[in-house]
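Undergrad:
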Amino acid sequence: IEVVRWLLFERRFVPQEGTGKQVLELILQAQDWPFLGAVLQMEHMNWPPESFSVVVDFAREAPIPQMTSLLEQDFTLKSPIAQCLLAGFAQGQHWDLFEWLVKRRVELPDEASKKILVSLAMAKKAFALELLIRRGSVGSGALAEAMTLLASKDSADCKPTWQWQRGDGWIGFDMDISRSLEDAYASGNPQSPVLVEFQVGSTRYRVNFETMIQRSEGSGRERHLRRVGELPPLVKPPPLSPERATEILRSRSHGPLQGPDPGKCAEFQNAQVLSVEPVISSEVWSTYQMAVCKLRSKHRQYGVEVKPVAMFEELKLHLLDSTLNEGYYFHGTDAESARRIQQFGFDERFSKGIYGDGVYFTPDACKALQYSKPTGDGSRILILARILVGDPFFTNSTLSTRYPPPRDPLEPGLLYDSVIARPGPTAGAPGDYQNHTEVVMFNGAQTYPAYIMRVGLRNG
683 IEVVRWLLFE
693 RRFVPQEGTG
703 KQVLELILQA
713 QDWPFLGAVL
723 QMEHMNWPPE
733 SFSVVVDFAR
743 EAPIPQMTSL
753 LEQDFTLKSP
763 IAQCLLAGFA
773 QGQHWDLFEW
783 LVKRRVELPD
793 EASKKILVSL
803 AMAKKAFALE
813 LLIRRGSVGS
823 GALAEAMTLL
833 ASKDSADCKP
843 TWQWQRGDGW
853 IGFDMDISRS
863 LEDAYASGNP
873 QSPVLVEFQV
883 GSTRYRVNFE
893 TMIQRSEGSG
903 RERHLRRVGE
913 LPPLVKPPPL
923 SPERATEILR
933 SRSHGPLQGP
943 DPGKCAEFQN
953 AQVLSVEPVI
963 SSEVWSTYQM
973 AVCKLRSKHR
983 QYGVEVKPVA
993 MFEELKLHLL
1003 DSTLNEGYYF
1013 HGTDAESARR
1023 IQQFGFDERF
1033 SKGIYGDGVY
1043 FTPDACKALQ
1053 YSKPTGDGSR
1063 ILILARILVG
1073 DPFFTNSTLS
1083 TRYPPPRDPL
1093 EPGLLYDSVI
1103 ARPGPTAGAP
1113 GDYQNHTEVV
1123 MFNGAQTYPA
1133 YIMRVGLRNG
C-alpha cells in the first residue's frame, strides 16, 4: 500500500492495462478508506477501462459498514472512478447511500448517467431520478432513455426477470441483461446445460441454466441466480354442478322491476341449468394473467387506490383477487359466439351498448339471459366469466365511447379500468332508469370465460 501511495502521489504514476485493476483491488482489500478517498479525487488519473468494473462490483456488493467508512472521506464525484462508485450503488440498490452520495455536487457525463438512470428506472426510484434532474446532473440523452424505460415498465413487469444473490438478498439485473438471459433461457434446450455469457463493464460472466450459477471469468467467483415473475400456470375452474349453478342463477334473478318492461326478468325465475362446461384454455388464461400483471403495474406506477366493489355472496365461488376487484359475472350470448369465446376469449371490438363499445357483464343472471338467444331445443347459453373490474368509473348516464373515461385530467393516458352502471335513475337509459348492475369491459384480456352453461326455461 505504501509503495502504491508513493507511486500515485509522488511519482504521478498512471496505471496501465492490468496494473490499474490490481492497484484498485489492493486498496479495496486493505480497506484503506482515506487512501481510496484520495484516489477518487484524482481527476487527472486516466484509469484503464478494466479498472472501472472493480469499483462498480465493490460498490454493488460491499457491506454497508464498509460503504459508510468510505463515505466519511472527503472526495468529489468528478472522476470516472467516483462515477463508477455511484453506478455501483445504483446497481446494488443501496438507495440510502446513493441518495446521500448524490447530494454532493454531481457532474456526470452522459454515458455514465445513462447506466445510473437505467438502474433507477428499473427500480422505479423516482426520488433519485428527480434529485439528479433537479441538479442538472444528467444529459438529455440519458434522461430520454430513462423516461423510455419508465414508460415501458408495465410490459417489462409482466415478463420473467432475473436476479443474482447477494448475502441473504436478491438483486435484479438491469433490463438489457435480464432480457438477454430470458431470451436465452426460453430458446434453450432444458434437457442440457445452457451456457450464456454477458458483460458488465469489463467483467465477463458465464451462466449455467442447469445449475443456475453465474461465474465471473476474472475472479472465478460464483453466485446463485433465479428467474422470477413467471405467469401463473393454468388453473382449472373449480367444479360447478348444474344443481349448484341453478341455485346461483335463480338467486340472481329478479321479479317484476321498475322501468318500461318490468316483467322481463320474471320469465327467468324458474330457469334451470342443464349442463355446465368449464373452460380450459392455456392461451386465454395467459392473456388474462398478463392483464392481471399490467393492472397491478399501472396501479403501482400511478398510485391508484382501488376501492372495493361489493360482490354478491352467491358469486364468490372461490378466493379471488380483491385488490383488483376480481369477480364472477354473467354474460348472455348465442351458441356460436360462445364457442368462439371459449377458444379465443372475449373480444371487445364486436360489442356495443349504451354505456360504450365494450363487453357487457352483470351479476344478475336474468339480465344476461335477456341477451342469450334460444338454440334449436329452446335452451339458452349463459357464460359465467371471471373478470378484472379493477378501478371502475361509476356512471349515472349513458356513454358513447370506445374506451373507459380518463381518470385524471393531468394524466391524459391514465384511464379507468372499466365502467359500472348501477340500478337507479340514469340519464339516457330506457325510461331514464337502470334496473340492473352492468359492468362494461373495454379490454377483453381482463376477462376469462370460466363456465359455459346451457339453461332451460320451464315455459319454453
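Heads up, this note's numbering is the position in the sequence shown plus 682, with the first residue counted as 1. For glycine and all other residues, C-beta sits at the position ideal for the given N, C-alpha and C.
1. Helix, strand or coil: how does DSSP classify Asp-1114 here?
2. Counting only the same chain and skipping the five closest in sequence on each side, list residues whose C-beta sits under 7 angstroms from that of Asp-714.
3. Can you name the residues that DSSP bridges to Ile-1102?
4. Could you round the C-beta distance between Trp-844 and Arg-905 to whole angstroms and report it? I think they count as a contact, below 8 angstroms.
5. Indicate the three-state DSSP secondary structure (helix, strand or coil) for Ala-992 in the structure shown.
6. Could you tell me which residues DSSP pairs with Leu-1081 in its beta bridges?
7. Taking 8 angstroms as the threshold, find out whether the stretch 1073-1085 comes into contact with the stretch 1098-1110 through three or more Cβ pairs.
8. Report all residues from its chain with a CB closer than 6 angstroms to the CB of Glu-864; omit the five preceding and five following residues, and keep chain order.
9. Let's test the definition: count the other Cβ atoms within 10 Å of the Cβ of Thr-1005 and tell me whether it reaches 16, buried, or not, exposed.
10. If you follow the alpha helix (DSSP H) that His-981 is in, where does it begin and where does it stop?
11. Going by C-alpha to C-alpha distance, which of Pro-1056, Thr-969, Thr-1044, Gly-1040 sits closest to Gln-1025?
12. Distance check for His-936 and Pro-942, CA to CA, integer angstroms please.
13. Where DSSP assigns a beta bridge to Ser-898, which residues make up the other side?
14. Rounded to the nearest angstrom, how far is the Cβ of Met-1135 from that of Val-958, given a contact under 8 angstroms?
15. For Glu-707, which residues in the same chain have their Cβ closer than 7 angstroms to its Cβ, ignoring the five residues on either side in sequence?
16. Mind checking which residues open and close the alpha helix (DSSP H) that includes Lys-1026?
17. Around the Cβ of Gly-1072, are there at least 16 other Cβ atoms within 10 angstroms (buried) or fewer (exposed)?
18. What's the C-alpha gap between Ser-1082 and Ala-1109?
19. If you run the structure through DSSP and keep just helix, strand and coil, what is Leu-922?
20. Quick one: what does DSSP say Pro-1045 is sitting in, helix, strand or coil?
21. Given 8 angstroms as the limit, is there contact between the stretch 1124-1133 and the stretch 1022-1038, that is, 3 or more CB pairs closer than that?
22. Can you look up Thr-1057 in the DSSP assignment and give me helix, strand or coil?
23. Taking just the CA atoms, how far does Glu-892 sit from Thr-1015?
24. Can you give the Cα-Cα distance for Asp-858 and Arg-1089, rounded to whole angstroms?
25. When you compare only the Cα positions, how much space is there between Ala-1047 and Asp-856?
26. Could you have a look at Thr-1005 and say whether DSSP puts it in helix, strand or coil?
27. Looking only at its own chain, which residues have a Cβ that is under 6 angstroms from the Cβ of Gly-1035, when we skip the five neighbours before and after it?
28. For Ser-957, list the residues DSSP reports as bridge partners.
29. Rounded to whole angstroms, what's the CA-CA distance from Arg-897 to Ile-853? Just pull it up for me.
30. Taking the alpha carbon of Gln-951 as the reference point, which residue from Ser-933, Ile-962, Tyr-1011 has its own alpha carbon closest?
31. Gln-1116 to Met-1123, Cα distance in whole Å?
32. By alpha-carbon positions, which one of Asp-1099, His-1118, Leu-689 ends up nearest to Gly-1040?
33. Pick out whichever of Pro-990, Leu-922, Glu-929, Gly-1138 has its Cα sitting closest to the Cα of Val-961.
34. Per the DSSP calculation, Ala-1109 is bridged to which residue(s)?
35. Taking the Cβ atom as the reference point for each residue, do Val-1121 and Tyr-1011 lie within a distance shorter than 9 angstroms?
36. With distance defined between alpha-carbon atoms, name the residue in Asp-1114, Thr-1057, Gly-1126, Leu-1066 nearest to Leu-1139.
TA: This is what the structure gives:
1. helix
2. Ile-683
3. Phe-1076, Val-1121
4. Actually they are not in contact, since the Cβ atoms of Trp-844 and Arg-905 sit about 12 angstroms apart, beyond 8 angstroms.
5. coil
6. Tyr-1037
7. yes
8. Pro-842
9. exposed
10. 964-984
11. Thr-969
12. In this prediction, Pro-942 has a pLDDT of 49, which is less than 50 and means its spatial position is unreliable; what the coordinates show is noted afterwards. Pro-942 and His-936: Cα-Cα distance of roughly 15 angstroms.
13. Tyr-887
14. 5 angstroms
15. Val-736
16. Going by the sequence as given, residue 1026 is Phe instead of Lys. Where Phe-1026 is concerned, the enclosing alpha helix (DSSP H) stretches over 1017-1026.
17. buried
18. 13 angstroms
19. coil
20. coil
21. yes
22. coil
23. 48 angstroms
24. 32 angstroms
25. 49 angstroms
26. helix
27. Tyr-1042
28. Arg-1136
29. 16 angstroms
30. Ser-933
31. 18 angstroms
32. Asp-1099
33. Leu-922
34. Ser-1079
35. yes
36. Thr-1057
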